[in-house]
Amino acid sequence: MIDSLTFLLAGTLAAATPLIFAAMGELVVEKSGVLNLSIEGLMATGAATGFVVATVTGSAVAGFTAAAFASMLLSFVFAALTLGFLANQVAAGLAVGILGLGTSVLIGKQYEGATIKPIANIDLGFLSDLPIIGKTLFGQDPMVYVGIASVVLITWVLNRTKLGLIIRAVGESPKAANSIGYPVILVRFCAIAFGGAMAGIGGAHLTLSYTPLWAEGLVAGRGWIVVALVVFGTWKAPRIALGAYLFGAVSLLELFVQGQGFAIPSQLMSAMPYIITIIILAIISRDARIIKLNHPASLGVPYTSGE
Amino acid sequence: MKPFQLVPRTQQSLAAQLLVPVVSIILTLVAGSVMFMLLGKSPPAAFYAFFIEPLTTRYGIGEVLLKMGPLLLIAQGLAIGFRAQVWNIGAEGQLLLGAIVSGAIALQFETSDSAWLLPSMVVGGTLAGAAWAAIAAWLRTSFNANEILVTFMLSSVALQLLYYLVSGPLRDPMGMSFPQSAMFGDAALFEPLVSGTRVNTSLYLALAVTIVAWIFVQRSIPGYKLLVSGLAPQAARYAGFSENRAVWLGLLIGGAAAGMAGVGEVAGPLGLLQRNISPGYGFAAIIVAFLGGLHPIGILFAAFFMALIYVGGDMSLVSVGLPNASTTIFQGMLLVFYLACYLFVNYRLQRRSKKQLISASSGREGSTQ
Numbered sequence: 001m002i003d004s005l006t007f008l009l010a011g012t013l014a015a016a017t018p019l020i021f022a023a024m025g026e027l028v029v030e031k032s033g034v035l036n037l038s039i040e041g042l043m044a045t046g047a048a049t050g051f052v053v054a055t056v057t058g059s060a061v062a063g064f065t066a067a068a069f070a071s072m073l074l075s076f077v078f079a080a081l082t083l084g085f086l087a088n089q090v091a092a093g094l095a096v097g098i099l100g101l102g103t104s105v106l107i108g109k110q111y112e113g114a115t116i117k118p119i120a121n122i123d124l125g126f127l128s129d130l131p132i133i134g135k136t137l138f139g140q141d142p143m144v145y146v147g148i149a150s151v152v153l154i155t156w157v158l159n160r161t162k163l164g165l166i167i168r169a170v171g172e173s174p175k176a177a178n179s180i181g182y183p184v185i186l187v188r189f190c191a192i193a194f195g196g197a198m199a200g201i202g203g204a205h206l207t208l209s210y211t212p213l214w215a216e217g218l219v220a221g222r223g224w225i226v227v228a229l230v231v232f233g234t235w236k237a238p239r240i241a242l243g244a245y246l247f248g249a250v251s252l253l254e255l256f257v258q259g260q261g262f263a264i265p266s267q268l269m270s271a272m273p274y275i276i277t278i279i280i281l282a283i284i285s286r287d288a289r290i291i292k293l294n295h296p297a298s299l300g301v302p303y304t305s306g307e
Numbered sequence: 308m309k310p311f312q313l314v315p316r317t318q319q320s321l322a323a324q325l326l327v328p329v330v331s332i333i334l335t336l337v338a339g340s341v342m343f344m345l346l347g348k349s350p351p352a353a354f355y356a357f358f359i360e361p362l363t364t365r366y367g368i369g370e371v372l373l374k375m376g377p378l379l380l381i382a383q384g385l386a387i388g389f390r391a392q393v394w395n396i397g398a399e400g401q402l403l404l405g406a407i408v409s410g411a412i413a414l415q416f417e418t419s420d421s422a423w424l425l426p427s428m429v430v431g432g433t434l435a436g437a438a439w440a441a442i443a444a445w446l447r448t449s450f451n452a453n454e455i456l457v458t459f460m461l462s463s464v465a466l467q468l469l470y471y472l473v474s475g476p477l478r479d480p481m482g483m484s485f486p487q488s489a490m491f492g493d494a495a496l497f498e499p500l501v502s503g504t505r506v507n508t509s510l511y512l513a514l515a516v517t518i519v520a521w522i523f524v525q526r527s528i529p530g531y532k533l534l535v536s537g538l539a540p541q542a543a544r545y546a547g548f549s550e551n552r553a554v555w556l557g558l559l560i561g562g563a564a565a566g567m568a569g570v571g572e573v574a575g576p577l578g579l580l581q582r583n584i585s586p587g588y589g590f591a592a593i594i595v596a597f598l599g600g601l602h603p604i605g606i607l608f609a610a611f612f613m614a615l616i617y618v619g620g621d622m623s624l625v626s627v628g629l630p631n632a633s634t635t636i637f638q639g640m641l642l643v644f645y646l647a648c649y650l651f652v653n654y655r656l657q658r659r660s661k662k663q664l665i666s667a668s669s670g671r672e673g674s675t676q
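Protein chains in written order, with the working numbering: chain A, 1 to 307; chain B, 308 to 676.
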């Protein structure tokens, strides 16, 4: 019983971490007024790049760094389309997403099905040995804590700093932001690049810690769940993180139920994260006022400076 | 000051609309050649294997037409929704539902030789696709839930449903526990169209839907209302066109077309239900719809080209050893270049007159003095 509980709680934090990284990135992008739907492809590219680089160099740090850079590079394509060529953001997100999925397969081609030694969990001596909470709170891999720190940092930056104010201003009213001298395009470009890097790190956490292997299609819709999480969390970082933990728990439940031999079709459990996403999305969106109040006003609208 | 500026077009340019897909295809081919080179393949050989070889044999042309059918069908349906800014990206799931329901009908009447079997499969599959999309329409109109996310999530759910059915209730009892159904009877299959190829009469369905789509888009009042709600939502509201109606119509049409495409797959080249039914037609059709300029005739050409990419990808995998990811990358590049070029449908480049340039630069000098 204690073992199962430890498995569920500790596993939830680990399973949620890829989602948290990608979702914090997407939150900043959306706060600046841009809807980036290419997260799935960005995460896949990060997952493959991180895995290959970590395998070749033997360094997880190198893996995460390379993943962040690779996905950031890919997000530049999205930035060019939406900011430079004023493309429809939904279509541009789909295009870059598909490109990213293809690129990930190409990058990971030689490593299909290969495994890697997962990054080590921290060991705080007796703290990590405490029953249940020891493994959950004091025995995770370092990136789990970096993920939590990123939630705190993003909350602080968006709400308490001048930079956050500028990002939000650009997302609410780019025209007004421009007229008081904020560089709308530059802010959005940096937000997209940041979002790309974070999605890459999230993807790399999947392959370097959570699974830990590379296989085509391994991101399995997580990129889309990330986009949904930002809506669930009504564009607030702590709530988004809470949503991510919920999904971590749901995906863990699948393994748990199979392990216990319950007579539930495994396919139903695999479909559960998507079904739950749909249900929560409907419940949260139902109150149009909440969405209207929190959703960045210019989200999805191309911006032209009009010289 | 830059010597050129972008000026919004005041009237539509047909030349720009026709040139954009052509230029984006050329750019994709150029970028593809660079990719071939990076992979250590000779671009001319890879290029030949990818884009020419499929069209040199009767079998190859048959394969292209075979894959063109579902792409054409789905893209026609999706384009109608896209024009109204209704984003159905879950056609893959709607296709699977069409396949599942028509497959279940075929298996239920396994021994039937009735001429009504295939038509009822087509109707059943089409309705099933529409019903799957209707979930998203209902959640959007009653709960304000974003249809992009819901349609995508539903396609993942549909895939699991298929996995469950072919490994459980619909599995072939004689099939040595392979996750697939029994073979359908002959009455449940489309007739071959040309001997020596796999292309079948379901292609007629896709062509018929193309004509219907053209009439709907160009000549009907509901089609016009949908277009207006996409181009000018405010105006549509003033004119009393309901947004909810547009969502319902856009999603139902897209779902129905995708469901019909699913019937074409199981009652065509597959002849049974199995785990792999579609190589991502539902997603590729999104690109087809855009590349075709969301226009029924443009989509016809775009579907042919996308089918060629599919077949070329398969063939070059064998003949020159190109990685199977090439198809996906080509698809992504195609849409990226299309969206970039599309800027020139709405804007034109205008050379600034000498006078403007001089006055701008002297203005700057003036301010620094």
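Glycine included, C-beta positions come from ideal geometry on N, C-alpha and C.
Whether residue i touches residue j by CB criterion (8 Å)
i, j, result
"residue 136/A", "residue 293/A", "no"
"residue 678/B", "residue 340/B", "Nothing about residue 678/B can be read from this structure; chain B reaches only from 308 to 676."
"residue 299/A", "residue 11/A", "no"
"residue 454/B", "residue 443/B", "yes"
"residue 562/B", "residue 377/B", "no"
"residue 469/B", "residue 403/B", "yes"
"residue 208/A", "residue 54/A", "yes"
"residue 34/A", "residue 89/A", "yes"
"residue 585/B", "residue 370/B", "no"
"residue 573/B", "residue 410/B", "yes"
"residue 607/B", "residue 379/B", "yes"
"residue 654/B", "residue 315/B", "yes"
"residue 219/A", "residue 200/A", "no"
"residue 432/B", "residue 405/B", "yes"
"residue 459/B", "residue 407/B", "no"
"residue 419/B", "residue 492/B", "yes"
"residue 225/A", "residue 247/A", "yes"
"residue 448/B", "residue 551/B", "yes"
"residue 14/A", "residue 145/A", "no"
"residue 605/B", "residue 328/B", "yes"
Neighbourhood of residue i by C-beta distance below 6 Å, restricted to the same chain and skipping five residues each side
i, result
"residue 619/B", "357, 358, 361"
"residue 60/A", "54, 119, 208"
"residue 62/A", "53"
Residues of its chain near residue i, where Cβ-Cβ distance is below 7 Å and the 5 sequence neighbours each way are ignored
i, result
"residue 500/B", "506, 507, 508, 510"
"residue 603/B", "383, 517, 520, 521, 524"
"residue 28/A", "154, 167, 191, 194, 195"
"residue 265/A", "none"
"residue 461/B", "397, 400, 439, 442, 443"
"residue 307/A", "The predicted position of residue 307/A is uncertain, since its pLDDT is 43 and thus under 50; a value taken from the coordinates is nonetheless stated next. There are no such residues."
"residue 390/B", "533, 534, 537, 601"
"residue 330/B", "648"
Own chain partners of residue i with C-beta closer than 8 Å, once the 5 adjacent residues on each side are dropped
i, result
"residue 311/B", "656, 657, 658, 659"
"residue 7/A", "252, 256"
Any non-hydrogen atom of the ligand ZN closer than 7 Å to residue i Cβ
i, result
"residue 302/A", "Looking for the ligand ZN in the displayed structure turns up nothing, as the structure carries no ligands at all."
* Asked: Any contact of the segment 43-59 of chain A with the segment 99-111 of chain A, i.e. 3+ C-beta pairs under 8 Å?
  -> Yes, they touch.
* Asked: Which residues, in order along the segment 221-243 of chain A, keep a beta-carbon less than 9 Å from a beta-carbon of chain B?
  -> Contact annotation: in the segment 221-243 of chain A, residues whose CB is within less than 9 Å of a CB in chain B are 221, 224, 225, 227, 228, 231.
* Taking only runs that begin and end inside the segment 596-659 of chain B, name each unbroken beta strand (DSSP E) of 3 or more residues, in chain order. => Uninterrupted beta strand (DSSP E) stretches at least 3 residues long and entirely within the segment 596-659 of chain B occur at 654-658, given in chain order.
* **Inter-stretch contact at 8 Å, needing at least 3 Cβ pairs: the segment 180-189 of chain A / the segment 266-275 of chain A** => Remark: fewer than three beta-carbon pairs, one from each stretch, lie closer than 8 Å, so the segment 180-189 of chain A and the segment 266-275 of chain A are not flagged as touching.
* Asked: How about the segment 27-45 of chain A and the segment 194-205 of chain A: do they share at least three Cβ pairs that are nearer than 8 Å?
  -> Taking 8 Å as the limit for Cβ pairs, the verdict is that the segment 194-205 of chain A does touch the segment 27-45 of chain A.
* Interface residues of the segment 649-662 of chain B facing chain A [CB-CB below 7 Å] -> Hits within the stretch, in order: 649, 650.
* Asked: Fully enclosed by the segment 199-238 of chain A, which alpha helix (DSSP H) runs are 4 residues long or longer?
  -> Runs found: 222-232.
* To do: Output, in sequence order along the chain, the residues in the segment 121-152 of chain A whose CB is closer than 9 Å to any CB in chain B.
  => The residues in question: there are none.
* Asked: Hey, is the segment 17-28 of chain A in contact with the segment 220-235 of chain A, meaning 3+ C-beta pairs nearer than 8 Å?
  -> Yes: the two stretches touch, three or more of their Cβ pairs being nearer than 8 Å.
* To do: Determine which residues of the segment 627-644 of chain B have a Cβ less than 7 Å from any Cβ of chain A, and write them out in chain order.
  => Shown in chain order are the members of the segment 627-644 of chain B whose Cβ falls below 7 Å from a Cβ of chain A: 630, 632, 635, 636, 638, 639, 640, 642, 643.
* Of the residues that make up the segment 427-454 of chain B, which ones have a beta carbon closer than 7 Å to any beta carbon in chain A? -> Listed in chain order, the positions of the segment 427-454 of chain B with a beta carbon within less than 7 Å of a beta carbon of chain A are 446, 450, 451, 452, 453.
* Asked: Just by C-beta distance, which residues in the segment 258-270 of chain A are closer than 8 Å to chain B?
  -> Those would be 265, 267, 268, 270, in chain order.
* Asked: At a Cβ cut of 7 Å, what residues of the segment 184-218 of chain A count as close to chain B, listed as they run along the chain?
  -> None of the residues of the segment 184-218 of chain A has a beta carbon lying less than 7 Å from any beta carbon of chain B.
* On the three-pair Cβ rule with 8 Å, is the segment 478-493 of chain B touching the segment 539-546 of chain B? -> Two segments are said to touch when three or more pairs of C-beta atoms, one from each, lie closer than 8 Å; by this definition the segment 478-493 of chain B does not touch the segment 539-546 of chain B.
* Contact residues within the segment 537-556 of chain B, judged by C-beta distance below 7 Å to chain A -> Of all residues in the segment 537-556 of chain B, none comes within less than 7 Å of chain A when Cβ atoms are compared.
* For the segment 374-401 of chain B, which residues have a beta carbon sitting closer than 8 Å to at least one beta carbon of chain A? -> Hits within the stretch, in order: 394, 396.
* At least three beta-carbon pairs within less than 8 Å, the segment 343-353 of chain B to the segment 627-644 of chain B -> Judged by Cβ distances under 8 Å, the segment 343-353 of chain B makes contact with the segment 627-644 of chain B, as three or more pairs qualify.
* With 7 Å as the limit, tell me which residues of the segment 163-186 of chain A have their beta carbon closer than that to any beta carbon of chain B; keep them in chain order. => Taken residue by residue, none of the segment 163-186 of chain A has a beta-carbon sitting less than 7 Å from a beta-carbon on chain B.
* **Interface positions of the segment 278-294 of chain A facing chain B (Cβ-Cβ less than 9 Å), listed along the chain** => Residues 278, 281, 282, 283, 284, 285, 286, 287, 288, 291.
* To do: Please name the residues in the segment 39-54 of chain A whose beta-carbon is closer than 7 Å to at least one beta-carbon of chain B, in chain order.
  => Correct list: empty, as no residue qualifies.
* Just by C-beta distance, which residues in the segment 563-594 of chain B are closer than 8 Å to chain A? -> Listed in sequence order: 590, 593, 594.
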